[in-house]
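> Protein sequence lines correspond, in order, to chains A and B.
Start counting the first sequence at 293; every next residue gets the next number (the numbering used here).
Start counting the second sequence at 293; every next residue gets the next number (the numbering used here).
Mind having a look at this structure? Questions to follow.
Protein chains: 2
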Amino acid sequence: MNHPYTFDPLPQPAVGPGEFAFAAVGLDHGHIFGMTEGLIGAGATVTMVYDADPEKAAAFAERYPTARVASSEQEVLDDPDVRLVATAAIPSERAPIGLRAIEAGKDAFADKAPMTTLEQLKAVREATARTGRKYAVYYGERIHNESAILAGQLIERGAIGRVVQVVCFGPHRIGGGRPDWFYDPAQYGGILCDIGSHNFEQMLYFTGAADGRVSTATVANYAHPETPGLQDFGDAHVVLDNGATGYVRVDWFTPDGLDVFGDGRTLLLGTDGYIELRKYTDIGTDNGGGQVFLVNQEGQYRFNANGMTGFPYFTRLVRDCIDRTETAMTQDHALKAAELSLRAQGDAVVLAP
Amino acid sequence: MNHPYTFDPLPQPAVGPGEFAFAAVGLDHGHIFGMTEGLIGAGATVTMVYDADPEKAAAFAERYPTARVASSEQEVLDDPDVRLVATAAIPSERAPIGLRAIEAGKDAFADKAPMTTLEQLKAVREATARTGRKYAVYYGERIHNESAILAGQLIERGAIGRVVQVVCFGPHRIGGGRPDWFYDPAQYGGILCDIGSHNFEQMLYFTGAADGRVSTATVANYAHPETPGLQDFGDAHVVLDNGATGYVRVDWFTPDGLDVFGDGRTLLLGTDGYIELRKYTDIGTDNGGGQVFLVNQEGQYRFNANGMTGFPYFTRLVRDCIDRTETAMTQDHALKAAELSLRAQGDAVVLAP
Numbered sequence: 293m294n295h296p297y298t299f300d301p302l303p304q305p306a307v308g309p310g311e312f313a314f315a316a317v318g319l320d321h322g323h324i325f326g327m328t329e330g331l332i333g334a335g336a337t338v339t340m341v342y343d344a345d346p347e348k349a350a351a352f353a354e355r356y357p358t359a360r361v362a363s364s365e366q367e368v369l370d371d372p373d374v375r376l377v378a379t380a381a382i383p384s385e386r387a388p389i390g391l392r393a394i395e396a397g398k399d400a401f402a403d404k405a406p407m408t409t410l411e412q413l414k415a416v417r418e419a420t421a422r423t424g425r426k427y428a429v430y431y432g433e434r435i436h437n438e439s440a441i442l443a444g445q446l447i448e449r450g451a452i453g454r455v456v457q458v459v460c461f462g463p464h465r466i467g468g469g470r471p472d473w474f475y476d477p478a479q480y481g482g483i484l485c486d487i488g489s490h491n492f493e494q495m496l497y498f499t500g501a502a503d504g505r506v507s508t509a510t511v512a513n514y515a516h517p518e519t520p521g522l523q524d525f526g527d528a529h530v531v532l533d534n535g536a537t538g539y540v541r542v543d544w545f546t547p548d549g550l551d552v553f554g555d556g557r558t559l560l561l562g563t564d565g566y567i568e569l570r571k572y573t574d575i576g577t578d579n580g581g582g583q584v585f586l587v588n589q590e591g592q593y594r595f596n597a598n599g600m601t602g603f604p605y606f607t608r609l610v611r612d613c614i615d616r617t618e619t620a621m622t623q624d625h626a627l628k629a630a631e632l633s634l635r636a637q638g639d640a641v642v643l644a645p
Numbered sequence: 293m294n295h296p297y298t299f300d301p302l303p304q305p306a307v308g309p310g311e312f313a314f315a316a317v318g319l320d321h322g323h324i325f326g327m328t329e330g331l332i333g334a335g336a337t338v339t340m341v342y343d344a345d346p347e348k349a350a351a352f353a354e355r356y357p358t359a360r361v362a363s364s365e366q367e368v369l370d371d372p373d374v375r376l377v378a379t380a381a382i383p384s385e386r387a388p389i390g391l392r393a394i395e396a397g398k399d400a401f402a403d404k405a406p407m408t409t410l411e412q413l414k415a416v417r418e419a420t421a422r423t424g425r426k427y428a429v430y431y432g433e434r435i436h437n438e439s440a441i442l443a444g445q446l447i448e449r450g451a452i453g454r455v456v457q458v459v460c461f462g463p464h465r466i467g468g469g470r471p472d473w474f475y476d477p478a479q480y481g482g483i484l485c486d487i488g489s490h491n492f493e494q495m496l497y498f499t500g501a502a503d504g505r506v507s508t509a510t511v512a513n514y515a516h517p518e519t520p521g522l523q524d525f526g527d528a529h530v531v532l533d534n535g536a537t538g539y540v541r542v543d544w545f546t547p548d549g550l551d552v553f554g555d556g557r558t559l560l561l562g563t564d565g566y567i568e569l570r571k572y573t574d575i576g577t578d579n580g581g582g583q584v585f586l587v588n589q590e591g592q593y594r595f596n597a598n599g600m601t602g603f604p605y606f607t608r609l610v611r612d613c614i615d616r617t618e619t620a621m622t623q624d625h626a627l628k629a630a631e632l633s634l635r636a637q638g639d640a641v642v643l644a645p
């Protein structure tokens, strides 16, 4: 069906070659590649990499030949050319790395979950406020997902009126070969903190809320007794400060019959319509991921978002680091999403075993 | 994709012509037609109808010529041939009608919501326990919906392992021309009591739980200031007694662009797969309603449930009335679903205005 919308132009690089250097420190999660590629797409150059595991660092440098392997984190922090330090270390180590980068006068860019305790959150808030440095967060399920970006543009254009609810489903495949930290809540932070954090960010973003309170949360290990530290299920309900609501369910139950890691969905209810994102697959069809379904007062529309939006977050983040602005995502927003995930995790009722 | 399942045979009539007579009393909601047709499909005969509005009763009798118009409810209750009294009166009047039928020695069959207060619930529990008569409830979004019935059969066959969560979305179109009671919470019971009750029943049924507690609930009137008694949004989270969870959102925001009254969905998460019901439409496709999507360890399947299951509830209900059994739905289950909806409604935080 023809649609009446004109969307934003694709983002252009923020800088020319060599104008903005960043480093990668802590490569435990594969998200570091998404973060790196997003920044490179915005014109940034990765000039240095460090990981306690030299093989990981070497593999990274092989993939991104502009990066040389540093002998220590300190060597990265001492390099005056490095403006931004990206980290996808074990979740409990991300805030310490980011804080050291901030104290060295750099901006930090942490994979989600950006922290695992309220103490870390407090320290990050203090340091960013005191120094003016950034602790940016890679909430990839929105900022690195064209269906989510297109949904944001549709909402900006009034396609569904006022957004009164955001519901997110974040199923993931557990698979095999995961490192030990993956099963240790003290290191990964719990399921609502870890994979849930994406969804608290989406609740705030899509409803335009600045804050919220967690009204209920649960976690469980229903079916993985061999890894008791795993939470294979979590959910939470949030009442936002503008009267909208959010609900999230995350789990590690993606079955073998699915062709992707998880059937991630976001459902946006507005007063004049609704949007459903089928982010990674559209079950029962050959459509693939990136599908945006819009139903509003005018009709029904399906958009294949792939290639439609690009990833403006990264361009804006690089400009923000240079211009000392907050166009990509405000610090308050990034940390409020983390706070909600930490509070949900902390308050969660354990249902099983 | 070929599937490995053999489903239940289609239900056959429970009785021969004229063997089981029922009456319709209170025709305020159009669900009375679904209830009547379900019973007729099971072999029952509607012999009498009463409504305070003679035109409504006459129209019913014209549609079902086996029914003659009674001059009063008492005339129905005094007819020894009438075994069951079906009612879709204003929700707040259903329990009083059902209780009078029970005291007259008949079984009752109430549209959902079957009651609007905890006092009515207590009275129904007392009367059914004392007399052995039934207060059956028409939770049509499951028992009169082939996609939901097929999902039940898939779960019985172990298609998704243990069901750990049920999520329901029950959007509805507000439309125009609704009667006054539709906007009076004292009469319709509130959105979670009214259209929400379907979903509490599904939580209990699909997880096999006997009880639950409402962990949070909200209601709102976000966008209908001209009808302040309307709740255009409600949601609730339930922790079930077997450690599973349920979440429901109901609303009156179906936009004009949708071709059906609402994009009702049920999402069933199991330890070995998941099922999604697209009950009334499958947006962005020509599939129509009645779609059952199954993803499990073996693969992905889409079933068009239309014509696959029939409606065994009605056959069983008629047999239960004759045999004094509980094969269609236990009394405890029907009333527990109502109790959860009443408790959610009573506890709900009002978000707007």
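Ideal Cβ placement from N, Cα and C applies to all residues, glycine included.
Note that the coordinates shown come from a computational prediction; the quantities given were computed from them, not determined experimentally.
Please identify the residue among B:GLN589, B:PHE525 and B:THR546 whose C-alpha is closest to the C-alpha of GLY591 of chain A.
When each option's Cα is compared against that of GLY591 of chain A, the closest is B:THR546.
> Any C-beta of chain A within less than 7 Å: which residues of the segment 525-544 of chain B qualify?
Per Cβ criterion, the list reads PHE525, ASP527, HIS529, VAL531, GLY535, THR537, TYR539, ARG541 and ASP543.
> In its own chain, which residues sit with a C-beta less than 8 Å from the C-beta of PHE299 of chain A, not counting the 5 before and 5 after it?
Counting only Cβ-Cβ distances below 8 Å, and skipping sequence neighbours, we find LEU442, GLN445, MET600 and THR601.
> Would you call the CB atoms of ALA400 of chain A and ARG434 of chain A closer than 9 Å?
Contact flag unset, no.
> Going by beta carbon distance, what residues of the same chain come within less than 8 Å of LYS398 of chain A, once the five residues before and after it are set aside?
Excluding residues within five positions, the ones whose Cβ falls inside 8 Å are LEU369, VAL374, ARG375, LEU376, VAL377 and ARG425.
> What does ARG594 of chain B reach in chain A if we use C-beta pairs closer than 7 Å?
Under the 7 Å cutoff, chain A gives GLY576.
> Would DSSP call CYS659 of chain A helix, strand or coil?
Since the first residue shown for chain A is 293 and the last is 645, residue 659 of chain A is missing from the structure and cannot be characterised.
> Are the beta-carbon atoms belonging to ALA451 of chain A and TYR297 of chain A less than 9 Å from one another?
Cβ distance < 9 Å, so ALA451 of chain A and TYR297 of chain A count as in contact.
> Tell me the rounded alpha-carbon separation between GLY580 of chain B and SER439 of chain B.
Rounded to the nearest angstrom, the two C-alpha atoms are 12 Å apart.
> Compare the Cα-Cα distances from ALA536 of chain B to each of A:ILE389, A:VAL642 and A:ASN596 and report the closest residue.
For the residues A:ILE389, A:VAL642 and A:ASN596, the minimum Cα distance to ALA536 of chain B belongs to A:VAL642.
> Nearest by alpha-carbon distance to TYR430 of chain A: which of A:VAL459, A:LEU609, A:ALA351 and A:ALA636 is it?
It is A:LEU609 whose Cα lies nearest to the Cα of TYR430 of chain A.
> Would a C-beta distance cut-off of 9 Å place THR420 of chain A and GLU395 of chain A closer than the cut-off?
No, Cβ-Cβ distance for THR420 of chain A and GLU395 of chain A is not below 9 Å.
> Taking Cβ-Cβ distances shorter than 8 Å, what residues in chain B pair up with GLN479 of chain A?
Neighbours of GLN479 of chain A on chain B: none; closest Cβ ~25 Å, over 8 Å.
> The ligand SAH and PRO383 of chain A: does the residue's C-beta get closer than 8 Å to at least one heavy atom of that ligand?
Absent from the structure shown: the ligand SAH. Ligands present: none.
> Could you compute how far the alpha carbon of MET495 of chain B sits from the alpha carbon of GLN457 of chain B?
If you take the alpha carbons of MET495 of chain B and GLN457 of chain B, they lie about 8 Å apart.
> Check each residue of the segment 502-518 of chain B: if its Cβ is closer than 8 Å to any Cβ of chain A, include it; give the result in chain order.
Listed by position, the residues of the segment 502-518 of chain B near chain A (Cβ gap below 8 Å) are SER507, THR508, THR510, ALA512, TYR514 and ALA515.
> Between the Cα of ILE447 of chain A and those of A:VAL584, A:ASN598, A:LEU632 and A:GLN637, spot the shortest distance and give me the residue it belongs to.
Ranking A:VAL584, A:ASN598, A:LEU632 and A:GLN637 by Cα distance to ILE447 of chain A puts A:VAL584 first.
> Please report whether the beta-carbon of ALA644 of chain B lies at a distance below 9 Å from any beta-carbon of chain A.
Yes, ALA644 of chain B counts as interfacial toward chain A.
> Let's test the definition: count the other Cβ atoms within 10 Å of the Cβ of LYS571 of chain A and tell me whether it reaches 16, buried, or not, exposed.
So LYS571 of chain A counts as buried.
> Give a yes or no on whether 9 Å exceeds the smallest Cβ distance from GLY468 of chain A to chain B.
With 9 Å as the cut-off, GLY468 of chain A does not count as an interface residue toward chain B.
> Can you tell me where the alpha helix (DSSP H) holding PRO477 of chain A begins and where it ends?
From DSSP, the alpha helix (DSSP H) with PRO477 of chain A extends over 477-480.
> So with Cβ pairs under 9 Å, would you call PRO547 of chain B a contact of chain A?
Yes, PRO547 of chain B lies at the interface with chain A (some Cβ there is under 9 Å from its Cβ).
> Between the C-alpha atoms of ASN294 of chain A and TYR593 of chain A, what's the straight-line distance to the nearest angstrom?
One C-alpha to the other measures close to 8 Å.
> With a cut-off of 9 Å, does the C-beta of ASN598 of chain B fall near any C-beta of chain A?
So no, ASN598 of chain B is outside the interface.
> Name, in chain order, the residues that DSSP records as bridge partners for TYR342 of chain A.
Paired residues: A:VAL317.
> Is the segment 350-368 of chain B touching the segment 629-639 of chain B in the sense that three or more CB pairs, one from each, lie closer than 8 Å?
Contact between the segment 629-639 of chain B and the segment 350-368 of chain B is absent, because fewer than three Cβ pairs lie under 8 Å.
> Taking a cut of 9 Å between CB atoms, which residues from the segment 443-460 of chain B lie near chain A?
Hits within the stretch, in order: ILE452, GLY453, ARG454, VAL456, GLN457 and VAL459.
> Is ILE575 of chain A helix, strand or coil by DSSP?
In the structure shown, ILE575 of chain A sits in coil (DSSP, three-state: anything other than H, G, I, E or B).
> With a floor of 4 residues, list each alpha helix (DSSP H) that falls wholly inside the segment 555-621 of chain B, ordered by position along the chain.
Here the runs fully enclosed are 604-615.
> Please determine, among A:GLY308, A:GLY521 and A:ARG465, the residue with the shortest C-alpha to C-alpha distance to TYR475 of chain A.
Among A:GLY308, A:GLY521 and A:ARG465, the Cα nearest to that of TYR475 of chain A belongs to A:GLY521.
> Against LEU550 of chain B, what residues of chain A qualify as contacts under a CB-to-CB distance less than 8 Å, listed in chain order?
Simply VAL587 and GLN592.
> Determine the chain B residues that contact THR563 of chain A at a beta-carbon separation under 8 Å, and present them in chain order.
Those within 8 Å of THR563 of chain A in chain B are TYR514, ALA515 and PHE545.
> Taking 9 Å as the threshold (C-beta atoms), are ALA502 of chain A and LYS628 of chain A in contact?
Yes, they are a contact pair.
> Kindly indicate which three-state DSSP category THR408 of chain B falls into: helix, strand or coil?
Coil.
> Any contact of the segment 334-343 of chain B with the segment 307-323 of chain B, i.e. 3+ C-beta pairs under 8 Å?
The segment 334-343 of chain B is in contact with the segment 307-323 of chain B.
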